[in-house]
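Heads up, the thing below is written out as structure tokens.
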Amino acid sequence: MNLVTARDYAWIRTSLLFRHMMESGYTLTLIRGRTPREVLRVMEAEPRGTGEGAAGLIEADDAHRAEVDDDYFDDSYVAGAFRVPDENGDWTLVLGFDGGLGIATQCVETLSKGGRVVAHSTNGGKPIHLFYWFEDGESRTTFEGPSSRGGNTPDELVPLMREVGFPLTSEGEHDESAPDVDGKAAVFALAERLTGIRVTESLLQDATYELGLVPEEPAEEWTGVAIDITDAHGERLHKEWTYEEIATASDRARAEANAPVVITYNEPPAMGRSEHGTGE
């Protein structure tokens, strides 16, 4: 039986690699029953060769950021994948310094069909820490805070979460009497409980990564905008605009902004003087 707890992942707080992951924003994903090449293909990643160790992955990602001039709004990134053998089946570990975006939901659903996907991430900013468990194409449990869970079976992991150290009651509520825990270490431990894969610093540092450039997700098409606000007095404002209305208004505003500016000036008549002036 795997009795790993958050204490077994205390190494993350002294790891320079983990510090880089937290500062950059990362997603670490474990996929059962898929090869690294297959995972990258489902992610629609452009092959970028291999990287020796975490240093090779970081170097490849830094080179890509330089290619796009460190564009803050460019969400593409280099992911690294490698095979992790286990007695219960082979797993692929994917690590990406993606700002915590995570593998697209559609890809995760595809990759988890007939298997399992477990992932956790940090966005490197606020920060926001997320956890995902998918099974056979289904989102089973997801959470940011351990007491606020989503997915189709949000409470199924509560016993395991309590065992690894999350401060939860048996009903899955926050337990104020429980001791403090390193939440990120607890997430690593929970992932190991679900996969059997012990993630160590040397595992991440020494692997040979198969690299792929993951493209940005296409922007979702939208058909309109709605504003629905209720003020402190209970007065409600509800207004909807279609895409066509917004486009028409934008075109009109653009035309007005580009129209030539005409300035007219009417000089007021002089006061206290005749047309030709007077002498003394």
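Taking the working numbering, the leading residue of the sequence shown gets -2, the next gets one more, and so forth.
No residue lacks a Cβ here, since even glycine has one placed at the ideal position from N, Cα and C.
As the structure is a prediction and not an experimental result, all values here were calculated from the model.
- Excluding the 5 residues flanking it on each side, Glu35 has no same chain C-beta neighbour closer than 6 Å.
- In the DSSP assignment, Glu64 falls within the alpha helix (DSSP H) that extends over Gly50 to Glu64.
- Contact annotation: Arg113 and Asp133 have beta-carbon atoms nearer than 9 Å.
- By the 16-neighbour rule on beta-carbons within 10 angstroms, Ile9 is buried.
- Under DSSP, Gly93 forms a beta bridge with Thr24 and Ala76.
- When the five nearest sequence neighbours on each side are left out, the beta carbons in the same chain lying within less than 6 Å of the beta carbon of His126 are those of Thr119, in order along the chain.
- Nearest to Pro156 by C-alpha distance, out of Ser167, Val211 and Gly142, is Ser167.
- Counting other Cβ atoms within 10 Å of its Cβ, Val65 stays below 16 and is therefore classed as exposed.
- Distance check between Arg80 and each of Glu207, Val211 and Phe140 places Glu207 closest, using alpha-carbon atoms only.
- Beta-bridge annotation (DSSP): Ala183 is not paired with any residue.
- Measuring C-alpha to C-alpha distances from Asp58 to each of Glu237, Pro212 and Lys236 identifies Pro212 as the nearest.
- With a 10 Å radius around the Cβ and a threshold of 16 neighbouring Cβ atoms, Pro176 comes out exposed.
- Within its own chain, the residues whose Cβ lies closer than 6 Å to the Cβ of Met19, once the five positions on either side in sequence are excluded, are Thr119, listed in chain order.
- Contact between Thr138 and Pro124 is ruled out by a C-beta separation of about 21 Å, above the 8 Å threshold.
- Rounded to the nearest whole angstrom, the C-alpha separation of Ala256 and Glu237 is 29 Å.
- Assigned with DSSP and collapsed to three states, Pro33 falls in helix.
- Here His117 is buried. Its C-beta has 16 or more other C-beta atoms within 10 Å.
- Between Asp72 and Leu98 a beta carbon distance of about 6 Å is seen, short of the 8 Å cut, so the two are scored as contacting.
- Nearest C-alpha to Asn85 among Arg190, Leu201 and Gly209: Arg190.
- The beta-carbon separation of Leu14 and Glu198, rounded to 6 Å, stays under the 8 Å limit for a contact.
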